[in-house]
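One structure is given here, and the rest of the page talks about it.
Number of protein chains: 2
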Amino acid sequence: MTKIDNHNNNEDLQTQLQRVIYLLRKYKLVEGFVNLQETPNQEIAESSIQKQNLAELKHLLDTLHPADIAYILEALPIEERLIIWNLVKTEYDGDVLLETSDAVRESLITDMNSEELVAAAEQLDADEIADLAPDLPRAVIDDVFRSLPIAEREQLRAAMSYMEDAVGALMDFDVITIRENVKLEVVLRYLRRLDELPDHTDQLFVVDRNEHLKGVLLVSRLLVSDPDLEVTQVMTKEMVKLHPDDNAEQAAHAFERYDLVSASVVDSDGKLLGRVTVNTVIDFIREKAENEALNLAGLSEEEDLFAPVLKSVKNRWVWLAVNLVTAFIASRVIGIFEDSIEKLVALAALMPIIAGIGGNSGNQTITMIVRALALGQVSTNSAWKLIAKEMGVSAVNGLIWGIVVGIFTYAIYQNASLGLVMTMAMILNLLLAALLGVLIPLTLRKFGRDPALGSSVMITAVTDSGGFFIFLGLATIILL
Amino acid sequence: MTKIDNHNNNEDLQTQLQRVIYLLRKYKLVEGFVNLQETPNQEIAESSIQKQNLAELKHLLDTLHPADIAYILEALPIEERLIIWNLVKTEYDGDVLLETSDAVRESLITDMNSEELVAAAEQLDADEIADLAPDLPRAVIDDVFRSLPIAEREQLRAAMSYMEDAVGALMDFDVITIRENVKLEVVLRYLRRLDELPDHTDQLFVVDRNEHLKGVLLVSRLLVSDPDLEVTQVMTKEMVKLHPDDNAEQAAHAFERYDLVSASVVDSDGKLLGRVTVNTVIDFIREKAENEALNLAGLSEEEDLFAPVLKSVKNRWVWLAVNLVTAFIASRVIGIFEDSIEKLVALAALMPIIAGIGGNSGNQTITMIVRALALGQVSTNSAWKLIAKEMGVSAVNGLIWGIVVGIFTYAIYQNASLGLVMTMAMILNLLLAALLGVLIPLTLRKFGRDPALGSSVMITAVTDSGGFFIFLGLATIILL
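Protein chains in written order, with my numbering: chain W, 7 to 486; chain S, 7 to 486.
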């Protein structure tokens, strides 16, 4: 199925991307040339060169794995991406769409008409169609739905009904089921009658006549066991059973912890619904990690590298707006102390130091806590231990860096009291950062919010406004 | 092997953690009680309750998977962690150590003597020992090394020689090899003579007498094919071949793209060295994502949630120091304009807005570019397109938010020129952020540095100092 070279396949992929870009450029240069020179003879000559370039490109694409085609499409600016997309073999369309990121998929789908979309979707399994469904026009989904056999319609309906972060959304229906009271020899003969096994078949599911899951027969056990034994003697009942409404993140942790290749999905009665395989889990983990990184930097969702400007603006404005509000607040806090700044203008130059380091330290704490919360490792009991520890770290850091900034201040402004105010403000702001660095994520969690979202913006808001207030307040009391 | 309940295993894990904490507390309360009351009679009575509690804890731990024990150890403060650790079955020690994070592993290893460590390591395979090796005392490694059979000594030596981010570090040696000119029936009989297959055996490796890899026989093909066929008729030559010095991240991408369960590792002559399996790849992906998140927030490495304060200080100081330097520079930039601020103190209150939003916008750009660079999707050709796009986004954002801050400024200070300076400074600082948001990661990359490290700190430094300079400079020219 997979066409993979004997050499280092990753360098190959880069080489292939370069080759595609090279052929594309040749093709486009020639196209420009044809448009300039309009004598019919030349046109024929040039267009035959063009055809040759296109054929070469098409040939190259035909040898690539759909995932590699998706990779190349992601790396190309939109105009060139669409030229390549139109050269991809029709029977790959569905698989390539599955492999692209949401943002790039959207740009490809926009370029396709309904028939092409229906044809692409029809090549896929029910669970894969469900993955594409959110990006497809309603009419296309209806057409695809009608073209499916009854059993697959039910599967598609089921697959589309699950939340994106539920196990059901990761599930496929490619299970091989066997009965428990047959000999392994019979199982082996049964398998031999199949053309192929579903990908990632590391276990066969043992069910009763009502499709209730009784156990699993590991393929590795099947291969080493005496064929005269019965399934029930070789199967295991110790297995991971997922439910379609389970949290997908938790299921992913189960795959990691127990080194699974596949796991059964059963309904509340224990009836086998399908399975989850490790390749889906890897994609889920990668996507989740990527989304977290994007959200942290204030990108609402994955962005096409070559998205139109206005689309990018839309993807980024929320975070900028939220930060602008916190900046306005910080600005007003400074506003309160304008008289003090007027009297001692050095305060204006020094205050960003206190605010900035407070934000850095607070974000270190937040990152620790958010990570521990995601793993479910913080109990009410340990919360106090964590606050104590983070305050301790801040006290030490505050003292060290407070003294450093105090000396810096004295060196520049020759004002010992001002240096002392810097030191005190640094210690206090770091303590504030530690306290709220633990409390903010815990509180978000308590109210059922995802602590990974917003914690960072909130701690920065606190350490900015708080830092300015502490520093300018102390300065006003002590110095003026 | 794995003891997993029939219910939702993740809720179970939380329940088990709670149960361990409950039993621990009971045990510790009683221990405290014994210390207070020193009459011998009671001591005997209490200590029998203690014994019972300990036995109950031990029984619970005995039923848990090593990965689950590791999870529980990570969630406990150090004192309680060590009580639990001493209750864990000796034969699990090695597996549990493998599953813990580096930081927590260190705390456990510190608690063990040499014999315990040697015993724990001896339960593991050569590639697993190599994973632990960096945390083990030299003498322990030497002891373990001497206790191994010759073949495994070679494997351990090889496994320890690879860089942490090379395929060799992910490799194990559990390969089943077969010859190409035998019938499948013979292969099946050969497998039946084994007690068990290595985990994640989805393919058998076909080698010649010199161990050169000729192809792979997929287990799924073996099961559906006529046993009278020869291996050479059923095996495939289209396979991923990794090299031990390949970049592990690239290998992980290959697993994702081609949905692999295992992949061969060969040397430069094509001789089979071992294999990489998907469970190792998942761990690698998760660890890598986690490290990136930690580094982004300025934590040098994964930190034990309950690490001693001074250890945490050590883990965090570098980032704070770097940020302090950039804050000092920004402070000096403001210092240049102290005269201007003295004349118009509103500037002090407004300047953090320009710097802050510039930093936010720059980090959005950096995140996009670093991600694309990691995937190898930015060519010299597309770099200019990216700069143009990011500058476009910044121009639009700068105009929108520049007008918003302009209006805010006018509303507060009733000064139209000051509002106009805000608008202009916002636009210019966002353009600066876009330009350097693309150039900084590209430049780091060009000089062979990891653009994920440091890009964020650098862009913030630029947008802070640059923002202050642009805003205060414009204000000085236009307003004063």
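Just so you know, even glycine gets a beta-carbon here, dropped at the ideal spot from N, CA and C. Note that the coordinates shown come from a computational prediction; the quantities given were computed from them, not determined experimentally.
Per DSSP, the continuous alpha helix (DSSP H) segment holding residue 395 (chain S) begins and ends at 386–419.
Chain-ordered, the chain W residues with CB closer than 9 Å to the CB of residue 407 (chain S) read 323, 326, 327 and 330. Contact annotation: residue 102 (chain S) and residue 114 (chain S) have beta-carbon atoms nearer than 9 Å. Distance check between residue 249 (chain S) and each of S:423, S:460, S:176 and S:477 places S:176 closest, using alpha-carbon atoms only. Excluding residues up to 5 positions away in sequence, 184, 210, 223, 228 and 237 lie with their Cβ nearer than 8 Å to the Cβ of residue 193 (chain S) in the same chain. For chain S, none of the residues of the region 91–119 of chain W brings a beta carbon within less than 7 Å of one of its beta carbons.
With the rule of 3 Cβ pairs closer than 8 Å, the region 71–89 of chain S counts as touching the region 378–390 of chain W. From the listed residues S:112, S:441, S:116 and S:123, the smallest Cα separation to residue 97 (chain S) is found for S:123.
Across the structure, residue 214 (chain W) and residue 255 (chain W) are spaced so that their CA atoms are roughly 30 Å apart. Closer than 9 Å to the CB of residue 277 (chain S) there is not a single CB belonging to chain W.
Contact between the region 137–154 of chain W and the region 259–270 of chain W is absent: fewer than three C-beta pairs spanning the two stretches fall below 8 Å. The C-beta distance from residue 375 (chain S) to residue 443 (chain S) rounds to 7 Å, short enough to meet the 8 Å contact threshold.
Taken atom to atom, the span from the alpha-carbon of residue 66 (chain W) to that of residue 454 (chain W) is near 50 Å. Nearest Cα to residue 392 (chain W) within the set W:401, W:382, W:371 and W:171: W:371. Between residue 270 (chain W) and residue 206 (chain W), the C-beta spacing is not below 9 Å.
Residue environment analysis places residue 331 (chain W) among the exposed positions, since fewer than 16 neighbouring C-beta atoms fall within 10 angstroms of its C-beta. By the neighbour-count criterion, in which 16 or more other beta carbons inside 10 Å mark a residue as buried, residue 324 (chain W) falls on the exposed side.
Close CB contacts of residue 357 (chain S) within its chain, under the 8 Å cut and outside five residues either way in sequence, are with 340, 473, 474, 477 and 478 (chain order). Just measuring C-alpha positions, the residue of S:178, S:120 and S:157 sitting nearest residue 136 (chain S) is S:178. In this structure, the beta-carbon distance from residue 186 (chain S) to residue 241 (chain S) falls below 9 Å.
In terms of beta-carbon proximity, residue 211 (chain W) stays away from the interface with chain S, with every pair separated by 9 Å or more. In this structure, DSSP gives residue 360 (chain S) a helical state, which the three-state scheme calls helix. At a cut-off of 9 Å between C-beta atoms, residue 470 (chain S) counts as an interface residue with respect to chain W. Counting only residues of its own chain and dropping the five nearest sequence neighbours on each side, residue 130 (chain W) has a CB closer than 6 Å to the CB of 100. Assigned with DSSP and collapsed to three states, residue 335 (chain W) falls in helix. Using beta-carbon distances, residue 359 (chain W) counts as an interface residue toward chain S, with a partner under 9 Å. A straight line joining the alpha-carbon of residue 450 (chain W) with that of residue 379 (chain W) spans about 11 Å. Here residue 383 (chain W) carries a coil assignment [DSSP, helix/strand/coil]. Cβ proximity to chain W below 9 Å picks out 194, 197, 198, 199, 200, 201, 202, 203, 204, 205, 206, 207 and 208 from the region 194–210 of chain S.
With distances taken between CA atoms, residue 132 (chain S) lies nearest to S:160 out of S:377, S:396, S:160 and S:18. Any Cβ of chain W closer than 9 Å to the Cβ of residue 59 (chain S) would place that residue at the interface, and such an atom is absent. Within a 10 Å sphere around the beta-carbon of residue 169 (chain W) sit fewer than 16 other beta-carbons, which makes this residue exposed. Of the candidates S:452, S:362 and S:343, the residue whose Cα lies closest to the Cα of residue 467 (chain S) is S:362. The alpha-carbon of residue 134 (chain S) is positioned some 9 Å away from that of residue 165 (chain S). One alpha carbon belongs to residue 336 (chain S), the other to residue 470 (chain S), and they sit about 6 Å apart. Between residue 266 (chain S) and residue 219 (chain S), the CB-CB gap reaches or exceeds 9 Å.
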